[in-house]
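First comes the structure, then the notes that go with it.
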Amino acid sequence: MDMKARVAAHLLTTLHTAFGDAATDADALKNLLEVPPDRAMGDYAFPCFTLAKALRKGPPMIAQALADAWQPCDFAQAACVNGYLNFFLDREQLARETLSAVLAAPGKWGSTDQGAGRTVCLDYSSINIAKRFHIGHLSTTMIGHSLRRIYQHLGYNTVGINHLGDWGTQFGKMICAYKRWGTKEQVEAGGVDALMALYVRFHDEAEKDPALEDEGRAWFKRIEDGDPQALDIFNWFKQLTLTDAERVYSILGVTFDSYAGESFYNDKMDRVVTELREKGLLVESQGAYVVDLEAYKMPPCIILKKDGATLYATRDIAAAIYRHDTYDFAKSLYVVAYQQDLHFRQVFKVIELMGYDWHASLEHVAFGMISYEGQTLSTRKGHVLYLEDVLRRATEKALAIIEEKSPGLENKPEVARQVGIGAVIYADLQNNRIKDIDFWWDRALNFDGETGPYVQYTHARCCSVLRKVTGELAVTDWAALADDEAQMVLLLLSRFPDVVQEAALRNEPSMITRHTTLIAQAYNKFYYEHRILDDEPGTVAARVMLTKAVQDVIKTGLYLVGIEAPERM
RNA sequence: GUACCUGUAGCUCAGUUGGAUAGAGCGUCAGACUCCGACUCUGAAGGCCGAAGGUUCGAAUCCUUUCAGGUACGCCA
Numbered sequence: 000m001d002m003k004a005r006v007a008a009h010l011l012t013t014l015h016t017a018f019g020d021a022a023t024d025a026d027a028l029k030n031l032l033e034v035p036p037d038r039a040m041g042d043y044a045f046p047c048f049t050l051a052k053a054l055r056k057g058p059p060m061i062a063q064a065l066a067d068a069w070q071p072c073d074f075a076q077a078a079c080v081n082g083y084l085n086f087f088l089d090r091e092q093l094a095r096e097t098l099s100a101v102l103a104a105p106g107k108w109g110s111t112d113q114g115a116g117r118t119v120c121l122d123y124s125s126i127n128i129a130k131r132f133h134i135g136h137l138s139t140t141m142i143g144h145s146l147r148r149i150y151q152h153l154g155y156n157t158v159g160i161n162h163l164g165d166w167g168t169q170f171g172k173m174i175c176a177y178k179r180w181g182t183k184e185q186v187e188a189g190g191v192d193a194l195m196a197l198y199v200r201f202h203d204e205a206e207k208d209p210a211l212e213d214e215g216r217a218w219f220k221r222i223e224d225g226d227p228q229a230l231d232i233f234n235w236f237k238q239l240t241l242t243d244a245e246r247v248y249s250i251l252g253v254t255f256d257s258y259a260g261e262s263f264y265n266d267k268m269d270r271v272v273t274e275l276r277e278k279g280l281l282v283e284s285q286g287a288y289v290v291d292l293e294a295y296k297m298p299p300c301i302i303l304k305k306d307g308a309t310l311y312a313t314r315d316i317a318a319a320i321y322r323h324d325t326y327d328f329a330k331s332l333y334v335v336a337y338q339q340d341l342h343f344r345q346v347f348k349v350i351e352l353m354g355y356d357w358h359a360s361l362e363h364v365a366f367g368m369i370s371y372e373g374q375t376l377s378t379r380k381g382h383v384l385y386l387e388d389v390l391r392r393a394t395e396k397a398l399a400i401i402e403e404k405s406p407g408l409e410n411k412p413e414v415a416r417q418v419g420i421g422a423v424i425y426a427d428l429q430n431n432r433i434k435d436i437d438f439w440w441d442r443a444l445n446f447d448g449e450t451g452p453y454v455q456y457t458h459a460r461c462c463s464v465l466r467k468v469t470g471e472l473a474v475t476d477w478a479a480l481a482d483d484e485a486q487m488v489l490l491l492l493s494r495f496p497d498v499v500q501e502a503a504l505r506n507e508p509s510m511i512t513r514h515t516t517l518i519a520q521a522y523n524k525f526y527y528e529h530r531i532l533d534d535e536p537g538t539v540a541a542r543v544m545l546t547k548a549v550q551d552v553i554k555t556g557l558y559l560v561g562i563e564a565p566e567r568m
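Right, dumping it as structure tokens:
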């Protein structure tokens, strides 16, 4: 049991003593405990205001009564101030318990088995065929990747799904362009860029010769009908795109369990349409078939076009059902930009109306738009920023700093990659995901202050200190960690598991990014105020333990948001 | 027009289910390396939490109205 839980349990006993029956339990009480704004007020506090009505007493009186009834114990003291009962954790106990717990299982701090036997599906990244990976894909990729690691940390089985955008008439047009103007060698050499060039040329030529549009549609029809030649070319284009994306994924360390994209669901939509019809949800409207959602203050969800063809929503409903059938998920998350908010609200509602009780486990994890130096990204206008360029420049910047500050470092290119990429990922996962991001080079390449490299630096610094420890450590003098700076570090370490919980609950990786940064800041302050290796043996042992714990938790925190933690940089 | 999201320091943003004196980084100014890694640390300046009402013992947080910006709204995905 952690210190906070022990305080809550003891507070429960105290409530019984002071006021007889207390209609609550220790868990509920633990949630009522809060962190005072200033550490001088205590480590945790219980606001007595909520009890005022039930007990018909003023909050200060309640706090006083609780303080009087508080039985001395070895882990915390209590004091009342202005209607709050403030708790001061025993400093030695906090040090002993926190560090023992962290160091008992390296890399596991904050992990649980609460998700054992349960599966979370995560739909993220979801790239389009024949398009290059650009900065706009970063958020979905990294938020999804991070959430996946967070859920794994909590014992869940996870399924990472890259829902490929691999269906639509544009692919018929692309084949048409390839057949007319492309060559195998040229496309093999140029990859996705060559495909893009063909697509652009198609549009230019089609303006002069509208017949091309029909030719493109005809090629798409051949894909739909399973024509071998069309499928071969299409699958080849698909492979080229995946190879291109895989290069970026491998730099970022991102992986998937499934690449089942839009085309995968082609033969799974009839069932949805039939089912909707049987359940009386499908109504004819202006020639199309829709599910009316007026009762829920939403526009109708279009299932079938006038020509009988299916749509995006049809496909997503089929995909949701397929995923539930296949993975029996406890949660299914869609890491998709907020522009699609209405779409997902409609889809989820239709699934609810179909009578599937698991509709409540579907969640749209929305995130903000990314723009580039104040302007909306636009491939057509040439205002694009490819992710590889961003990662490359960040790596170059990191390498330049390494050359300047640690010229003797081994493995410089690899470390530069870790640091440069760390800066980019950190910037993406630093703030609440709903915020729009405007990308500026100078901001992305800033390595000072609250940045990935700052946190990585602190980790490397811990590693450096630990490397200098020689021989056996003496018996730990926990009391040596009673100073304010060490205590701040310990408190933050002790709260890390709660932060992981909250991050999962809110599907918000930034909570972990920020808390990990707080730990780094607190440790750097501690580092400046205290000598670690030159002191009494028992004190050295204690400070080394603290350093080891900080190193481990920072590494875990960074891992959970998808950032590597080099030991030297 | 309707729905959703966002307005907190010059800039970028934190701020837990309402709680004590609203915080951090960047930038600015002033400091700290004969010492375990200065990609570090200390200090200063900087605020009508978009605005107005309301609920409450208590509101940046909840409700209403309103202003500003963004996004989405039937046959694309």
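In numbering that gives the first Met the number 0, the protein residues as written are 0 to 568. All C-beta atoms in this analysis are idealised placements derived from N, C-alpha and C, irrespective of residue type, glycine included.
Cβ separation of residue i and residue j, assumed to be a contact under 8 Å, to the nearest whole Å
i, j, result
"L275", "V253", "Between V253 and L275 the Cβ distance is about 35 Å, and since that is not below 8 Å, they are no contact."
"Y43", "F86", "5 Å"
"I134", "L492", "The pair is not a contact, with the Cβ atoms about 34 Å apart (cut-off 8 Å)."
"A62", "L84", "5 Å"
"I128", "T242", "Incorrect: roughly 12 Å between the Cβ atoms, too far for contact."
"H358", "D340", "In fact, because the Cβ distance is near 16 Å, the residues do not count as touching under 8 Å."
"L146", "N431", "So it is not a contact: roughly 14 Å between Cβ atoms."
"P508", "I142", "6 Å"
"A481", "E91", "6 Å"
"E566", "A459", "6 Å"
"K130", "V191", "7 Å"
"A365", "I433", "6 Å"
"L163", "Y258", "6 Å"
Where residue i falls: helix, strand or coil (DSSP)
i, result
"E204", "helix"
"C47", "coil"
"L303", "strand"
"Y385", "strand"
"L517", "helix"
"L361", "strand"
"C72", "coil"
"S110", "coil"
"N234", "helix"
"V560", "coil"
"T118", "strand"
"L32", "coil"
"N127", "strand"
"I160", "strand"
Cβ-based neighbour list, residue i, same chain, cut-off 7 Å, excluding 5 preceding and 5 following
i, result
"L98", "M544, L545 and A548"
"F233", "F170, I174 and I222"
"F18", "L54"
"L10", "L28 and F45"
"A503", "I149, Y150 and L153"
"A287", "I301, L303, K304 and K305"
"L211", "C175, F201, E204 and A205"
"S569", "Residue 569 falls outside the range modelled here, since the chain spans only 0 to 568, and no answer is possible."
"Y155", "G114, R117, T118 and V119"
Buried or exposed (CB count within 10 angstroms, at least 16 for buried), residue i
i, result
"K29", "buried"
"N396", "Correcting the residue type first, residue 396 is Lys in the shown sequence and not Asn. K396 comes out buried."
"R322", "buried"
"K172", "buried"
"A94", "buried"
"S262", "buried"
"K278", "exposed"
"H15", "exposed"
"G381", "exposed"
"I573", "Within the shown structure, residues of the chain are numbered from 0 to 568, placing residue 573 beyond reach of any answer."
"L217", "Sequence check: residue 217 is Ala here, not Leu. Answer is exposed; the Cβ neighbour count stays below 16."
"A519", "buried"
"W69", "buried"
"Y570", "For the chain, the structure presents residues 0 to 568; residue 570 sits outside this window and is missing."
"L194", "buried"
Chain-order list of residues whose beta-carbon lies under 6 Å from that of residue i (same chain, five-residue window excluded)
i, result
"Q76", "F87"
"W166", "E261 and S262"
8 Å CB neighbourhood of residue i in its chain, flanking five on each side removed
i, result
"D24", "L11"
"V352", "A small correction: the amino acid at residue 352 is Leu; Val does not occupy that position in the sequence shown. K278, L280 and V290, listed in sequence order."
*Using 8 Å as the threshold, is the region 103-120 in touch with the region 524-531, meaning 3 or more CB pairs across them?*
Proximity of the region 103-120 to the region 524-531 falls short of the contact definition, fewer than three beta-carbon pairs being nearer than 8 Å.
*Could you say if the region 330-339 and the region 140-152 meet the contact criterion of at least three C-beta pairs nearer than 8 Å?*
The region 330-339 is in contact with the region 140-152.
*Three or more beta-carbon pairs under 8 Å between the region 398-407 and the region 368-383, yes or no?*
No contact exists between the region 398-407 and the region 368-383.
*Taking contact to mean at least 3 C-beta pairs separated by less than 8 Å, is the region 513-524 in contact with the region 447-454?*
A contact exists between the region 513-524 and the region 447-454.
*asked:* Does the contact criterion of 3 or more C-beta pairs under 8 Å hold for the region 411-428 versus the region 558-567?
replied: Taking one beta carbon from each stretch, the region 411-428 and the region 558-567 have 3 or more pairs nearer than 8 Å; the two touch.
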